[in-house]
Structure formats: structure tokens, C-alpha cells
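Each number in the numbering used here comes from the position in the sequence shown (counting from 1) with 99 added on. Every residue gets a Cβ at the ideal spot worked out from N, C-alpha and C, and that includes glycine.
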Amino acid sequence: MRMGARIAAAAVLAGVGVCSGLLGQASGAGAVPARVLPLLVVETKVPPLPVAHYVTSGTYPQFASADVSLGRVNKTLRDAVLADQASYTPLARRALPPVRGWTGVYSVAPTPSLMSASTVAVSVLLPDTELYPGGNDGAGWISATARVPSGSLVGLSDLFARPELALDALAAASRQNGCIAVALHYPGLGASVAPWLKPTMSNYRYFALTPRGLAVGFEQDTVASPPCGRVEVTVPYSVLRPYLSSLGVTLIAAVRRPRSR
């Protein structure tokens with residue numbers, strides 16, 4: 100696992116999101132445009148991880164529209180993938196030399212139900228896999244929520260007027276997940292799982308606005324036993340509505356499923 104590197108990278112993105120979100124609220128973010136349109140998703144090949152003995156595969160979403168310029172938005176999404184690679188690359192290079200014939204894995208596999216894209220904002224929670232050669236424990240996430248057309252990142256705290264209460268609600272809902280609930284009550288495992296569920300921005304940093312609710316991702320071997328893999332919890336917006344900021348209200352009202360070709 101590489102929790103420290105992931106947290107550091109996510110903190111940088113979240114910091115940018117806080118600034119951009121506050122700017123958005125100051126400029127009247129509570130107003131939802133009268134005409135909100137879904138964007139077309141275009142799957143783009145993941146750039147190769149620049150490490151020997153690694154196989155890179157999968158795609159990440161880019162978006163297209165005849166109604167709005169998306170160059171800066173698409174750059175933000177690509178930058179999120181590149182930032183994830185950049186945080187993993189030094190760890191991959193320091194790993195033990197692989198057994199002859201073994202290869203490492205870097206892969207991204209977008210899930211349509213864990214993204215939204217409209218002429219107001221795009222939001223994605225991307226499952227990724229990072230395995231040292233011969234490894235078997237590297238299921239994680241990449242996430243980004245960006246305003247359209249600026250491409251400015253939105254952090255989790257930007258969505259809420261009372262972030263501390265929203266985090267409490269997210270933590271309570273996450274504890275109801277099957278794998279998480281079992282782990283919390285399993286002798287010897289609950290104590291190691293509990294810290295990853297504490298209501299902190301860091302623990303809930305991988306998120307996306309989806310048509311079903313706010314989706315939150317947890318890395319493998321954090322909130323559940325390793326066989327559960329990465330864990331995703333989707334919390335209905337009705338649970339979070341009392342804590343939303345004006346920006347949060349705007350973005351949730353504009354959530355749309357992306358169109359495919």
C-alpha cells in the first residue's frame with residue numbers, strides 16, 4: 100500500500116479545490132443555469148507508467164460538447180491521472196527487483212455509474228489498480244470534480260456549509276456497508292479499520308457526484324479485509340442536503356449521466 104503518497108497527492112488537489120470552490124460561491128454559485136446538458140464521454144488510453152517491467156492498461160474519461168469548451172476540464176482530469184502516476188512511480192522504482200518474467204500492473208477502469216458530466220460540472224471516481232511485480236494488494240481510486248468550463252477543482256469541503264456535520268453523516272452511512280460492517284465487528288480487525296472511517300476530509304477524499312448520490316471510495320485493506328478489495332459507498336443526497344453549501348446545491352442540481360457514443 101502507499102497511503103502516505105496518496106494522501107499527499109490528494110491533499111494538493113483538495114487544496115486547489117477549496118480555493119476554487121470558495122471563489123465560485125463568492126460569484127453566485129447558487130444559481131443553476133436554466134439549461135443543463137449532459138456531456139459526451141470519450142474514453143482515452145491511460146499514458147504508460149514510466150517504470151520498467153510494468154504493463155499499463157485501461158482508459159480514463161475525457162468529455163466533448165458542441166455547447167461549451169472543455170479543454171481546461173479535460174486537462175484537469177488528465178492531470179488527476181498523471182498525479183496518481185507521479186505519486187506511485189517512485190514507489191514502483193524502489194520495489195524489489197521482479198522475479199524473471201514477472202511484471203507490475205498499472206490500470207484504470209472507469210465505471211459509468213461513478214461519474215457525472217454536464218455543462219456545469221464533471222465528477223469522476225475512477226477505480227485504479229497498482230501492483231508491484233508479483234503483488235496482489237493494490238486496488239485504489241482516482242477522483243476529480245471540476246467546474247465547467249474553467250476546469251477548477253472542487254474539494255469535498257466546498258460542497259458543504261457545515262463540513263463537520265456532513266462528514267459525520269458520511270461516516271455513519273459508510274459503516275452500513277456490508278464489508279465495512281463485518282470488518283468493524285470482526286475480532287482483531289475492527290481496531291485497525293476504525294481509524295480509516297473517522298470523519299476527516301482525508302478519509303473521504305476520493306468522491307464523485309453521481310446520479311444516485313455522493314459516491315465515496317476507500318482503498319483496499321483500509322476499511323475492510325483485503326478480499327473485499329476497494330470499497331465504494333454511495334450516500335443519497337437526501338442524507339446530505341441539510342449540510343450543503345450553495346455551491347453544493349448548484350452542482351448536485353446539475354448532475355447528469357454522461358452520454359456515450
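- Pro189: member of the alpha helix (DSSP H) spanning 170 to 193, first to last residue.
- Put simply, of Ile351, Ala151, Pro137 the residue whose alpha carbon is nearest the alpha carbon of Val253 is Ile351.
- For the options Leu255, Ala323, Thr218, the alpha carbon positioned closest to that of His284 is the one of Ala323.
- Note: Ser345 is not bridge-paired with any residue in the DSSP secondary-structure output.
- Taking the Cα positions, Arg304 is about 19 angstroms away from Gln275.
- The region 180 to 193 and the region 145 to 154 touch, with three or more beta-carbon pairs separated by less than 8 angstroms.
- One alpha carbon belongs to Trp240, the other to Gly289, and they sit about 23 angstroms apart.
- Exposed is the label assigned to Glu142, since fewer than 16 other Cβ atoms lie within 10 Å of its Cβ.
- With 16 or more other Cβ atoms from the protein chains shown falling within 10 Å of its own Cβ, Val247 counts as buried.
- Ser337 sits in a helix when the DSSP states are folded into three classes.
- The three-state reading of DSSP puts Leu296 in helix, counting H, G and I together.
- Taking each of Val281, Leu269, Thr333, Ala282 in turn and checking the Cα distance to Asn302, the smallest one comes out for Leu269.
- Around Arg355, the same chain offers Val135, Leu136, Pro137, Leu138, Ser215, Ala216, Ser217, Pro310 as residues with beta carbons nearer than 8 angstroms, after the five sequence neighbours per side are excluded.
- Per DSSP, reduced to three states, the secondary structure at Leu148 is coil, with no helix or strand assignment.
- The beta-carbon separation of Ala238 and Gln161, rounded to 23 angstroms, does not stay under the 8 angstroms limit for a contact.
- For Val281, the three-state secondary structure derived from DSSP is helix.
- Rounded to whole angstroms, the gap between the alpha carbons of Cys278 and Val180 is 27 angstroms.
- Within its own chain, the residues whose Cβ lies closer than 7 angstroms to the Cβ of Lys174, once the five positions on either side in sequence are excluded, are Gly250, listed in chain order.
- Between the alpha carbons of Thr349 and Pro335 lies a gap of roughly 16 angstroms.
- 8 angstroms or more divides the Cβ of Ala265 from the Cβ of Thr244.
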